[in-house]
Structure formats: structure tokens, C-alpha cells
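Trainee: I am attaching a structure below and will ask some questions about it afterwards.
2 protein chains.
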Amino acid sequence: MNQLKGACVIGQSGGPTSVINASALGAIEAALDSGGITRVYGAANGIKGILDDRLYIMDEEDREELKHLRFTPSSALGSCRYKLKDPDTDDTDYKRILEIFKKHDIRYFFYNGGNDSMDTCNKISKYMIKNGYECRVMGIPKTIDNDLFGTDHCPGFGSAAKYVATSCMELYLDARVYDTGMITVIEIMGRHAGWLAAAAALAGDCAPDLIYLPEVDFNIEKFLDDVEAIYKKNGKAIVAVSEGIHDHSGMFINEYAASGIEVARDSFGHAQLGGLASYLAGLCRHRTGAKVRGIEFSLLQRCASHVASKTDIDESYASGRAAVESAVNGVTDKMVGFKCTRGGGYTCEIELLPLETVANTEKKVPREWINEAGNGILQPYIDYALPLIEGETEQKKVNGLPRFAKLKKVLAR
Amino acid sequence: MNQLKGACVIGQSGGPTSVINASALGAIEAALDSGGITRVYGAANGIKGILDDRLYIMDEEDREELKHLRFTPSSALGSCRYKLKDPDTDDTDYKRILEIFKKHDIRYFFYNGGNDSMDTCNKISKYMIKNGYECRVMGIPKTIDNDLFGTDHCPGFGSAAKYVATSCMELYLDARVYDTGMITVIEIMGRHAGWLAAAAALAGDCAPDLIYLPEVDFNIEKFLDDVEAIYKKNGKAIVAVSEGIHDHSGMFINEYAASGIEVARDSFGHAQLGGLASYLAGLCRHRTGAKVRGIEFSLLQRCASHVASKTDIDESYASGRAAVESAVNGVTDKMVGFKCTRGGGYTCEIELLPLETVANTEKKVPREWINEAGNGILQPYIDYALPLIEGETEQKKVNGLPRFAKLKKVLAR
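What follows is the structure in C-alpha cells.
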């Protein structure tokens, strides 16, 4: 074993999930329990906290209080959407990171996030090697989008999928309560991959009639034909669409919306979407004359920890722990991934994947898991996703409401 | 005891809640267990099912399967929004109801709904008395709006309030995850009373910064001043608004929205609201330049049975039972209400209220429970509402998802 003494820093990046703090807890606990790691820092707002020298001393936190992180949604350390430049073009940020690492004797860097964060990990790791600074870098996956390459699935996805499926079941009953016609359009997160929108199909008998993912080009006329056919037959239609559906030309359907909502762009150059459900619902009303309702699951689908999946919580924790334990044992430059079997009951094992093969590669829902018409989800997806939403959270309640972790957040000097 | 042999019919009316089926179960079980009631019918889609002679035979249902109604949201028998005319103007519907009652020997009518349903109950009861048809009529309250007069609170409110408070807590953490500015506007149901929007205050440390109810006239300029002040101070602002906020002239703020959403009217003459959160968020962006997010809790706040309050479920069940047991014991023309104490621990007892004092009277949040500025909720509301969200549902899960009741729905001939 290649021993490396020094401090570690754990950062959280990208959009919140219900379980990113479970991963952080796994990493923090493993680091605190480790003999090799001298001090455990949490970066305030991810890589920005390192650049700004804002590091929380996790050793100062109460160990019992920390345990509530397992059931606290969003990023307890704060997150960011900060993209490091290519070091060959501009290495200012990298120099600063090295400076901070040296200042606090940081020899372990754990970064918990999605595609962009794995890219950040990879770039930092390469820079440190190039500059002869010994440092072990591990990525811990996190994304409700489930689009990270190489791993069976991503921490955060199961809980979001459980929220989506549960809410679709409830909405199904709600939308059928009157004997009058009704068309409901539900918008579910997912920019480029439809994993989360497809989770609507997990609702089984209560699933939407039609589900559209970004994996298949969206055609508004065909969509309206599909909806009208269902509506004429049943007097009701429930449709789920991924926020990222786009037409043949690659133009997001949302961008066609004459909804007055500005299309802003965040610092990663992703279009910021919204208003799609109302827009499509309006088109359905125009076509059919039906009463319509557009529903956006919005932020709740990523932060509704009260309905998190126990499987997801446990796996998220395990992935955080594995990142630290592997690094202490000499591993670097890897992302923690999952290798799963489903045939004879679900099993999930940790596997370590090279950062560079993960970073910036998006995994899509296989076309053969979507029906030929491109408006429904097939059994292989159900078999894939159902084990991931199993089990209920053991979140503690006080006065009927969740009890979240309260951290002291003592800043290092 | 004044014995009355005959069948009963149970109907559900108005918007769904998480627990209206718990009330129905209480009524159905009490009726099935009763010696006096010869047959138990469920009206398909409320009073419309009686008019159309579409009655489900509840005696045909499996008693074990029925128990799942306790945890099944929305109206299992179907609901309606059908307003009976004044019998002095047009008694067509009443004649038809009497005909159906006679056909099936219906001597007990239990109607589960809100203000309008209590009005329906009252009119039918009066008509039956006037026409010498012996029939006992009981109202079972139901409304997430909590605006029924005479009762401490309404079944359905506690669960919706728990959803609102829980979701606000989760959104609070989500909205603070980045160190960049953000204004979030949350729209909560409630046309004329702000009981449910006020439940955002139950989120405590994670409650919205500002909460606006329809009980206080809304002034857009003052609202923008309020939001701007919070935003300038904290870099974040979270605002909750009731869907029914209106200005001094009584005009709904939503009607000012240049959102392109049509303002339809349902058959009770209520304006159908929507799009308010995005509209106000847009104004906040215009005023402050901040990144904004409009979130509508939409239908989920009334049907999210997975986060229902055990207190609410138990009380809803009890109110259904009490309606039937009281009627069998000779009571008629009453609504089941709750009389509660909170001083030395929460207690809740059933009390029977005259239908005519309940029908069509709306109960508002007392002005003294709202702060002077009209943008915050005071402790008396918290003390009032907190006991109502206590306790977790015991909803059964299969594959990580709710197990809803599946009724046979055998129609009577």
C-alpha cells in the first residue's frame, strides 16, 4: 500500500439531489475514520470554495449531527456550476488550486457531481501530475439525469425516479376524478437523456398514456395525433415529456413556445428550459377542445428527500465511502461506478472507472427500450429501473416534518 | 332510537384530496357494519351518479381491498363539480334524485365534499322533507382549502399542509445551493382563503421569507419592494403566494398576467387560476435582475398521499364513520365537524353542525394571525396547524411504490 499523509477536501457540484449529502457523509465518515487522512475539509460551493479558500473543517462537526446528512437533500456544503478552462489555454485556476492544496496540505480531492464535475476532476488530476504534486483525485457520481457513462446507474437517479413514479401514480388518480374530458401534460427533468422521464412508466397501471424522451426526435403534429387518439378513445389523456425533447433539427420544443419566458443560458452553455408543459397543454387544447393542465415537476423531483429511495441512499453513501477508501489505498484518477446484476435478484457492486472515459460522455436510454412509435417505454427499462427505487427512507421527523442536518461550518484559516 | 331501514348512498364531490377516500372508507365500513342499513351504494361521480342512476354496490367489494382506500388519494368513486339549481326555480334534478332514492330504497345520503357539497346536501335534505320522503342526510367535510365554517379544520387540509411544508423545506435547501442570487416564487392553492399557503410557514427555519394570502389585498409594487429588500440583504429570496391573491379592487393578480393562459371558468363560476408563480417571478427578475424560478405546487399538493398526515387520515376516517353512525341513530341535516383543543396537547372531538350554517360560508385566516405588513404568518397559525400535520402515513408499498385500492365497481341495476 502506497501511503500518502495529508488532508482531504470534499466538494459538491452541479444540481442538487436528494442523496448527494449521503455520498458526502460516506466520504466524510470514511475520511474521519481513516488513519492516513490528517484533516477533512468540505469545500464551500464546490471548486469555487477551493479557489476562494473557503474550506469548512469537517473534523469540527458533531459526528451524530453529521449522520442526518444521509437524509438531508441538496448540497449541504453548497454547490456551483463552474467550468474550469482548458489548462493549456488558461491555467490561472489550476495554479490557484495548487496553491490552496499546498497551503492546507491537501493530498486527496473528492468531487461529487455529474459529467462536468468528472471533467473538473480529470483536469485537476492531470494538472497535479504534470506539476509533480502528489495528490489522489476521485470522482463520486451524482445526477438525477442518470447520464454518466460506464456506471450501471448514478446516485440520485433512483430517488428522483421514485418521486416521478409516485407523483405520476397520484396524478393519474387525480386526473381521472371527474367524468369530463381532461388532458394532462407533465414535464420531467432531463436535458439530453430521458432516463428520468422514462421513470413515469414505473407507475404501471397508473403510468401516463404517452411518454416522450429526447432520445427520439419529437414531432409536434405526431404528438398531437397521438394525444388526440387517446383522448378520443378514453376521454382522458396523460402525457409525460422530458424537458429536453427536440425536433429533427435539434431545436428544443420549448424554444418554440410563445410563452414569453426568456431562454437564458447558464455558464455551461446549456439552454435553460421551462414552460414546456403549459405550451404543449395549450396545443392539445387547441387541437381537441379539451380542458388541459400542464404540470412541471420542477425542482421537487431532485430534492424531495421525503420520498427518497433507500436503495439510492445506501448506494450513494457506499459510493462516497468507496471513493475515500480506494484513494487511501492508493487509487487515483477514478470515478466510483456501479456494476449491477438483475437476473436472479438485484445486486450492486462498486467498480472504479477511469475518469477520462467518464468525463463529458453522455449515456442515453437505449433506443430499443423505447417503443417503435417513440411514445412509450418498454419492459427492459422497467426491469432496469425498478430495483433502484426500492425501499423507503428512514428520515427522522420532528413535528411531522423532516429533520435536516445542521452543520457548524467552521472555516479553515 | 328512531330506526330507519333502507339503503344508503355515499358520494364524493369537488376536488380530490389525499384522504377523501379515508372518509369514504369510514362511512362505507360503518354502513356495512350497521344493522339498519340494508345496502351500501357508492355514487359514481357524486350527485351526477345519482342523477344518471350509476350506483356501485359497495357490499360487493372485498372488505380487505376496501381498507386500502385509507391510503388511496383522489376520489375512488369519482367526483363532480355539479351545482344543483335552486329547487324553487327548477326542481328537475330533485325530482330525479327522489325517483332514484325510491327506486333503490335509499334512506341515507352521505355527501363528502366542500362548501358547495354542503349546499347540495342541504338542498336535497330540504326537498325530501318538503316532499314527505323520509331520508337522513349527512355532510362529511373535505377540502384542502380548510375554509368550511363551524369546524375547527377540514379533513384533507392537514395532508395538503404537510405536503406544502415538507416541499417548502426541501425547496429552501435546493434554492440556496449556489452562492449566486436567486428568487423563487411558489404558488400554493387556495382561491379565497389562505390556510394552505400559510402552511408554508410550518417549514420553520426553512420557511419562505415572504408569504402572501388572499386575506390581505395584494399590492404588486409593495410585493416587489418586499422581495427586493430581502434579496438585497440575503442574495436569495423565497416567496409563497396563494393562488387567490388579489388587489384592492378584487381583481386576481393572475388575471393581470400577460402569460397567454386563458382564464376559463368552471361551472361554479370560480375563475380558474394558473401561471401566477411564473408571472410574479418574471416581475421579480425585471425589478432585481436576479435569476428567478416560478414553482406551482399544482395538483400534487392535493393528491400526494405518500406524504399524508396520519392525524388527517385518522380524523377523515372518523368523520366518515361518525356521519353514518349518527344518521343510523336518528341524526339528519348535519355536517360532521371537529372541535379541538390545543392548550394542553392536541385533542379532537366530533361535533355535528347544522348544514345550513355551514353551506356556502367561507372561513378565512384571521387577520391577526397574519403580520401587520401582510407578508408573513404569526405564531397562532403555527400553533393551530402544526398538530394537523403530525404522524406519517402507513401506506403500503409494492416495489417501492404506493399500493392503491382496486375496486370492482359493480353497478346496481
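Residue numbers (our numbering), protein chains in the order written: chain A, 35 to 447; chain B, 35 to 447. The C-beta atom is built at its ideal place from N, Cα and C for all residues, glycine as well. No experiment lies behind these values; they were computed from the predicted model shown.
#1: Taking the alpha helix (DSSP H) that residue 334(B) falls in, what are its first and last residues?
#2: If I measure Cβ to Cβ from residue 140(B) and keep anything under 8 Å in the same chain, skipping five residues before and after, which residues do I get?
#3: List the endpoints of the continuous alpha helix (DSSP H) containing residue 97(B).
#4: Drop a sphere of 10 angstroms on the beta-carbon of residue 79(B), count the other beta-carbons inside from all chains shown, and report buried for 16 or more, exposed for fewer.
#5: To the nearest angstrom, how far is the alpha carbon of residue 436(A) from that of residue 101(A)?
#6: Which runs of the alpha helix (DSSP H) at least 4 residues long sit entirely within the region 67 to 146 of chain B? Give them in chain order.
#7: For a quick check, are the C-beta atoms of residue 231(A) and residue 247(A) less than 8 Å apart?
#8: Assuming residue 370(B) contacts residue 356(B) (C-beta within less than 8 Å), just tell me the rounded distance between them.
#9: Please classify residue 285(A) as buried or exposed, where buried requires at least 16 other C-beta atoms within 10 Å of its C-beta.
#10: State the DSSP-derived secondary structure class of residue 342(B), mapped to helix, strand or coil.
#11: Look up residue 310(A) in the DSSP assignment and say whether it is helix, strand or coil.
#12: Report the partner residues of residue 155(A) according to the DSSP bridge assignment.
#13: Assign residue 282(B) to buried or exposed, taking buried as 16 or more other Cβ atoms, counted over all protein chains shown, within 10 Å of its Cβ.
#14: Does the Cβ-Cβ distance between residue 118(B) and residue 167(B) come in under 8 Å?
#15: Output the distance between the C-alpha atoms of residue 378(A) and residue 420(A), rounded to the nearest integer angstrom.
#16: Just by C-beta distance, which residues in the region 312 to 342 of chain A are closer than 9 Å to chain B?
#17: For a minimum of 3 consecutive residues, which ranges assigned as the beta strand (DSSP E) are wholly contained in the region 342 to 424 of chain A?
#18: Could you run through the region 201 to 213 of chain A and flag, in chain order, every residue whose CB is less than 9 Å away from some CB of chain B?
#19: Would you be able to state if there are at least three C-beta pairs under 8 Å between the region 381 to 396 of chain A and the region 175 to 187 of chain A?
#20: Mind pulling the chain B residues with CB within less than 8 Å of residue 424(A)?
#21: Can the beta-carbon of residue 176(A) be found closer than 8 Å to that of residue 52(A)?
#22: Taking residue 382(A) as the query, report the chain B residues whose CB atoms sit under 7 Å from its CB, ordered along the chain.
#23: How is the alpha helix (DSSP H) around residue 173(B) delimited, first residue to last?
#24: Determine, using beta carbons only, whether residue 199(B) comes closer than 8 Å to chain A.
#25: Classify residue 320(A): buried if its beta carbon has 16 or more other beta carbons within 10 angstroms, exposed otherwise.
#26: Going by C-alpha to C-alpha distance, which of 62(A), 310(A), 424(A) and 399(A) sits closest to residue 254(A)?
#27: Going by C-alpha distance, which of 221(B), 89(B) and 349(B) is nearest residue 333(B)?
#28: Residue 389(B) and residue 373(B) - do their beta-carbons sit closer together than 8 Å?
#29: Apply the 10 Å Cβ neighbour rule to residue 328(B) and answer buried if 16 or more other Cβ atoms are within range, or exposed otherwise.
#30: DSSP has residue 327(A) in a bridge; who is on the other side?
#31: Select from the region 399 to 427 of chain A all residues with a C-beta closer than 9 Å to any C-beta belonging to chain B, and list them in chain order.
#32: Got a sec, what are the start and stop residues for the alpha helix (DSSP H) residue 244(A) sits in?
#33: Please report the distance separating the alpha-carbon of residue 192(A) from that of residue 107(B).
#34: What does residue 113(A) reach in chain B if we use C-beta pairs closer than 8 Å?
#35: Which chain B residues are close to residue 193(A), counting only those with a beta carbon under 9 Å from its beta carbon?
#36: In this structure, how does DSSP classify residue 286(B) when only helix, strand and coil are distinguished?
Mentor: Taking the definition as stated:
#1: Residue 334(B) -> alpha helix (DSSP H) spans 334 to 337.
#2: For residue 140(B), where only same-chain residues beyond five positions count, the Cβ hits under 8 Å are 40, 41, 42, 43, 75, 134 and 169.
#3: Unbroken alpha helix (DSSP H) run through residue 97(B): 97 to 100.
#4: Under the 10 Å beta carbon count, residue 79(B) is surrounded by 16 or more other beta carbons and is classified as buried.
#5: When only Cα atoms are considered, residue 436(A) and residue 101(A) end up about 14 Å apart.
#6: DSSP runs (the alpha helix (DSSP H)) wholly in the region 67 to 146 of chain B: 81 to 85, 97 to 100 and 126 to 137.
#7: Contact flag set, yes.
#8: Contact flag correct, Cβ pair sits at about 5 Å.
#9: With fewer than 16 other beta carbons inside 10 angstroms of its own, residue 285(A) counts as exposed.
#10: Taken through DSSP and simplified to helix, strand or coil, residue 342(B) comes out as coil.
#11: Reduced to three states, the DSSP call for residue 310(A) is helix.
#12: Paired residues: none, contrary to the question.
#13: Exposed.
#14: Contact flag unset, no.
#15: Between residue 378(A) and residue 420(A), the C-alpha separation is close to 14 Å.
#16: For chain B, the residues of the region 312 to 342 of chain A that bring a beta carbon within less than 9 Å of one of its beta carbons are 312, 316, 319, 325, 327, 328, 329, 330, 331, 332, 333, 334, 336, 337, 338, 339, 340 and 341, in chain order.
#17: DSSP assignment within the region 342 to 424 of chain A yields the following whole beta strand (DSSP E) runs of 3 residues or more, N-terminal first: 368 to 375 and 381 to 388.
#18: Within the region 201 to 213 of chain A, the qualifying residues are 201, 203, 204, 205, 206, 207, 208, 209, 210, 211, 212 and 213.
#19: These segments touch.
#20: The contacting residues are 433 and 434.
#21: No; because the gap between Cβ atoms is not below 8 Å, this pair is not in contact.
#22: Near residue 382(A) there are no residues of chain B at all, since even the closest Cβ is about 15 Å away, more than 7 Å.
#23: Element bounds for residue 173(B): not the alpha helix (DSSP H) but the beta strand (DSSP E), 170 to 175.
#24: Output row for residue 199(B): interface = yes.
#25: Under this definition residue 320(A) is an exposed residue.
#26: The option with the nearest alpha carbon to residue 254(A) is 310(A).
#27: For residue 333(B), the closest C-alpha among the options 221(B), 89(B) and 349(B) is that of 221(B).
#28: Here residue 373(B) is not near residue 389(B), since their CB atoms are 8 Å or more apart.
#29: Only buried fits residue 328(B), as 16 or more other CB atoms lie within 10 angstroms of its CB.
#30: Per DSSP, 218(A).
#31: So the close ones are 420, 421, 422, 423, 424, 425 and 426.
#32: Residue 244(A) -> not in any alpha helix (DSSP H); beta strand (DSSP E) instead, spanning 244 to 246.
#33: Across the structure, residue 192(A) and residue 107(B) are spaced so that their CA atoms are roughly 23 Å apart.
#34: What residue 113(A) touches in chain B: 211 and 212.
#35: Scanning chain B for C-beta atoms nearer than 9 Å to the C-beta of residue 193(A) yields nothing, as the closest lies near 10 Å away.
#36: Strand, per DSSP.
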